[in-house]
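Protein chains in written order, with our numbering: chain A, 1 to 388; chain B, 1001 to 1388.
Virtual Cβ for every residue (Gly too), placed ideally from N, Cα, C.
No experiment lies behind these values; they were computed from the predicted model shown.
Read the structure below first, then the notes.
2 protein chains.
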Amino acid sequence: MSDPRVAGAGVTKFGKHPERTGRDLFAEAGLEALDAAGVAPDDVDALYYGNFMGELAEHQGHQGPLMAEAIGVDAPATRFEAACASAGAAVRSAVRDLRNGEAEVVVVGGAERMTNIGTAAATDALAIAADDLYEVRAGMTFPGAYALMARSYFDQYGGSREDLAHIAVKNHEHALVNEHAQIQKEITVEDAIEAPTIASPLGLYDSCPITDGAAAAVLTTAEYAADHDIDAPVAITGTGQGGDNLALQDRPHLAQTPAADKAAEEAYGDAGIGPEDVDVAEVHDCFTIAEVLAIESLGLYERGEGIHAATNGETDRHGEMPVNLSGGLKAKGHPVGATGVAQLATVAWVLDGTHPRADAVPDGTVGVAHNAGGTVASTTVHVLEVKA
Amino acid sequence: MSDPRVAGAGVTKFGKHPERTGRDLFAEAGLEALDAAGVAPDDVDALYYGNFMGELAEHQGHQGPLMAEAIGVDAPATRFEAACASAGAAVRSAVRDLRNGEAEVVVVGGAERMTNIGTAAATDALAIAADDLYEVRAGMTFPGAYALMARSYFDQYGGSREDLAHIAVKNHEHALVNEHAQIQKEITVEDAIEAPTIASPLGLYDSCPITDGAAAAVLTTAEYAADHDIDAPVAITGTGQGGDNLALQDRPHLAQTPAADKAAEEAYGDAGIGPEDVDVAEVHDCFTIAEVLAIESLGLYERGEGIHAATNGETDRHGEMPVNLSGGLKAKGHPVGATGVAQLATVAWVLDGTHPRADAVPDGTVGVAHNAGGTVASTTVHVLEVKA
């Protein structure tokens, strides 16, 4: 069985949508994806959907069937939850089922509503991705957790707040060419360094915003695409998932993300490629330091070298290894359950040349999407390649 | 690839566990399942885990990696959520991945903590399985929803509170031979009819209790079992899943459950059997009326006939079509995320003869497990068969 294809994708504007429900957001993204693919809702075999905090933000669980109905799909619908990697987990299951003949057309997607409950409640809701008993009750929230990881990285490998600032500056600049991005504002290294501290050494511009939004993609088999005249040159050729202990205290070190190492190794092996083949990467930069850990786990940089990549201009859209062309979670925004599929959409659009700002993003034939949950206790990595 | 086998299962005592966390409960069930299977945690390829209301009951999402760590498993771990069918969705994904060579050993399971937040808050938390915008805000909770379905059934097909009482009496009697059951108390038809009304026509004994508990099973391939001297005669030969609109208002009728019809049709087709081959069934009787709808969707009874099955003594453990030998959700208890795998465990133990009260339950070679979410907006059906 050949590798599944990305037949079409849809992403809402990320940002504050105070008058829109999660289902309203997902309907927009899902219908846009179906339209882009030229696939009718009746032809969909399953919906695999990511959502993280619907119980807390919208008093709504059981969103699988709700979202299927929202896009007119009458098929089994399942919600996957792996914290911020929820949509990545949904994609992985869809890839496997398409490869193995369990389905011909699967909609993958996700949505999250966060701004309606306010920043404090959203921060508290995000904390359920950490270990409530051993971390959250002790006062830990995610800015604090990633601050610990950044401190550990600086201690072990070097680097500075200035290096992190270069990542923020780069991702803000990238978001200028992403019409879906929440934050479209150029910043300077000085802006980032001088911004208020959130959890030392991380400042305001080291952190992604609180975001409402949705993303969806129609995945199908190469055979189905060919039989139905669907132009879908981008294949998902590799899938990987790794896990780690939820609590930071249960890990041997804080400056590495072994769950992502494992996911990357599996995905590359599955695709039969290596990091040297990757042209573009979308990675999970919920905080700037997370981008560093991600590009090292993906093997795009050696341990201790990732911190210099943005500073050296290598990971910007004109550089040799462009990372987060979408603006990343940092500037595009991070509607948790949607993020993994929004990453997939960006990579697919860059590779197949349908990116709305194809003039402003590099070309490529191989891309990766790295989606991480919690303090990287869950990670999925997917490899996308242009095929004939 | 041959059908996956049930290598071992573990279930905690269902009931009130005020001093135990969800991870504590799952560790007991998971380690018991691994021990029963004779499989080491290091040999597990993935954990597929069901949980429904952890965000609300324990302020804990991202439970996949948490539960993997609790049983010593270092492997990808994903949470599935389809309301009360969460564990069933996890089983379905495991069955497919084992069949298709994506894994050799998968732990499936689930856990739920509910009693710690009290009955009112648990009822509110359960309501997130319904449509918050169009049902819950109008005051609907699940007893009310199933009361509507019961009224519709009585109107369309006949039946009475007395028929429902017979289901409660049967399941209470079955729970007497299930050491894990929450409620081990014999009741009479009069007790059930005279019990306080919860939502007319449903009374106290028509409703399952609020429950803490966990369940787990080790699933593997027939080849792995043979190579590792694992005695695992029970195969999962059929899997099906169906979906429906979340809100009752969006359905053409309330006295049928088409999501379960579709799941059953798919599962039977997958297994190459029909309802006439089924020896035992565990079905999702969150309310007594739900057992009626389930056995009709499974094709064990014609439409309008299921209501008489318990009254006629046909579905008790001495009858021709024993249903809910475990006591069902009604008397065994319903720790939501665990229920689908607890059903699987009961069917497997009955079929392979390892049921702790094998003397008190019938024999059989074919069983089905029917796990439903919300007002049957999500349903999974699995067929289990004894194989050589």
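Check whether chain B comes within 8 Å of His370 of chain A, counting only Cβ atoms and requiring the distance to be less than that.
No, no contact with chain B.
Which of the three DSSP states is assigned to His382 of chain A in this structure?
The answer is strand: DSSP assigns His382 of chain A an E or B state.
Using only alpha-carbon positions, find the residue among A:Val218, A:Gly340, A:His166, A:Ile167 that is nearest to Ala40 of chain A.
Checking every option, the nearest Cα to that of Ala40 of chain A belongs to A:Val218.
At the level of alpha carbons, what is the spacing between His284 of chain A and Val381 of chain A?
Looking at the two C-alpha atoms, the distance is approximately 10 Å.
Looking at the C-beta of Pro1076 of chain B, does it have a partner C-beta in chain A at a distance below 8 Å?
Yes - at least one Cβ of chain A is within 8 Å of the one on Pro1076 of chain B.
Which residue comes first and which comes last in the alpha helix (DSSP H) that contains Phe1026 of chain B?
Element bounds for Phe1026 of chain B: 1022-1037.
At a Cβ cut of 7 Å, what residues of the region 1089-1117 of chain B count as close to chain A, listed as they run along the chain?
Hits within the stretch, in order: Ala1089, Ser1093, Arg1096, Asp1097, Asn1100, Glu1102.
Considering only the beta carbon of each residue, do Ala192 of chain A and Ala175 of chain A sit closer than 8 Å?
No.
From what residue to what residue does the beta strand (DSSP E) around Glu1162 of chain B run?
Element bounds for Glu1162 of chain B: not the beta strand (DSSP E) but the alpha helix (DSSP H), 1161-1175.
Using DSSP's beta-bridge definition, name the partner residues of Ser388 of chain A.
According to the sequence shown, residue 388 of chain A is Ala rather than Ser. None; Ala388 of chain A has no bridge partner.
With distance defined between alpha-carbon atoms, name the residue in B:Val1177, B:Gly1022, B:Glu1069, B:Met1114 nearest to Ser1326 of chain B.
Comparing Cα positions, the closest option is B:Val1177.
For Ser1207 of chain B, which of helix, strand or coil comes out of DSSP?
Three-state DSSP puts Ser1207 of chain B in a strand.
Output the boundary residues of the alpha helix (DSSP H) element that contains Gly1054 of chain B.
That run of the alpha helix (DSSP H) goes 1054-1057.
Assign Asp1250 of chain B to one of two classes, buried (16 or more other C-beta atoms within 10 Å of its C-beta) or exposed (fewer than that).
With fewer than 16 Cβ atoms within 10 Å of its Cβ, Asp1250 of chain B is classed as exposed.
What does DSSP give as the partner residues of Glu1112 of chain B in its beta bridges?
Paired residues: B:Gly1213.
Check the Cβ-Cβ distances between Arg1357 of chain B and every residue of chain A, and say whether any is below 8 Å.
By this cut-off, Arg1357 of chain B is not an interface position.
Going by the DSSP bridge assignment, what does Gln343 of chain A pair with across the sheet?
Note: Gln343 of chain A sits in no beta bridge, so no partner.
So is Met1140 of chain B in contact with chain A if we call contact Cβ pairs under 8 Å?
For Met1140 of chain B, the answer is no, since every Cβ of chain A falls outside 8 Å of its Cβ.
Measuring alpha carbon to alpha carbon, tell me which residue in A:Pro18, A:Ala89, A:Thr311, A:Ile230 is nearest Gly340 of chain A.
Per the Cα distances, A:Ala89.
At a CB-CB cut-off below 7 Å, which residues of chain A make contact with Ala1129 of chain B?
What Ala1129 of chain B touches in chain A: Gly61, His62.
Looking at the strands, I want to know which residues DSSP matches up with Cys1084 of chain B.
Beta-bridge pairing links Cys1084 of chain B to B:Ala1082.
Quick one: measure Cβ to Cβ for Ala1338 of chain B and Ala1214 of chain B, integer angstroms, because I've assumed they're closer than 8 Å.
Between Ala1214 of chain B and Ala1338 of chain B the Cβ distance is about 5 Å, and since that is below 8 Å, they are a contact.
Under 8 Å between beta-carbons, which chain A residues line up against Gly1374 of chain B? List them in chain order, please.
Going along chain A in sequence order, the residues near Gly1374 of chain B (Cβ under 8 Å) are His62, Pro65.
Given Glu1314 of chain B, which residues of its chain have a CB within under 6 Å of its CB, disregarding the five upstream and five downstream residues?
These residues qualify, in order along the chain: Glu1320, Met1321.
Using the Cβ count rule (16 or more neighbours within 10 Å means buried), how would you classify Pro1185 of chain B?
Residue identity differs from the one stated: residue 1185 of chain B is Lys in this sequence, not Pro. Exposed, by the Cβ-count rule.
Beta-carbon separation of Val1368 of chain B and Ala1235 of chain B under 8 Å?
Not in contact: Val1368 of chain B and Ala1235 of chain B (Cβ atoms no closer than 8 Å).
Count the other C-beta atoms from every protein chain shown that fall within 10 angstroms of the C-beta of Thr375 of chain A, then say buried if there are 16 or more, exposed otherwise.
When all chains shown are included, Thr375 of chain A counts as buried.
Determine the direct distance from the alpha carbon of Leu1164 of chain B to that of Ala1007 of chain B, and round the result to whole angstroms.
For Ala1007 of chain B and Leu1164 of chain B, the distance between alpha carbons rounds to 36 Å.
Kindly indicate which residue of A:His62, A:Asp3, A:Phe52 has the alpha-carbon position closest to the one of Asp1244 of chain B.
Minimum Cα distance to Asp1244 of chain B is reached at A:His62.
Check whether the Cβ atoms of Met67 of chain A and Ala82 of chain A lie closer than 8 Å to each other.
No, the pair does not count as a contact, with Cβ atoms beyond the cut-off.
Work out the CA separation of His1166 of chain B and Ala1310 of chain B for me, nearest whole Å.
If I take the Cα positions, the gap works out to 6 Å.
Assuming the contact rule is C-beta atoms closer than 8 Å, Val105 of chain A and Val44 of chain A should be a hit. Round their C-beta distance to whole Å, please.
Yes, they are in contact, since the Cβ atoms of Val105 of chain A and Val44 of chain A sit about 5 Å apart, within 8 Å.
Taking DSSP's pairing of strands, which residues face Glu282 of chain A in a bridge?
DSSP lists A:Ala369 as partners of Glu282 of chain A.
Going by beta-carbon coordinates alone, are Lys332 of chain A and His172 of chain A separated by less than 8 Å?
No, these two residues do not count as a Cβ contact at 8 Å.
Quick one: measure Cβ to Cβ for Ala348 of chain A and Ala9 of chain A, integer angstroms, because I've assumed they're closer than 8 Å.
At roughly 6 Å, the Cβ-Cβ gap stays under 8 Å, so Ala348 of chain A and Ala9 of chain A are in contact.
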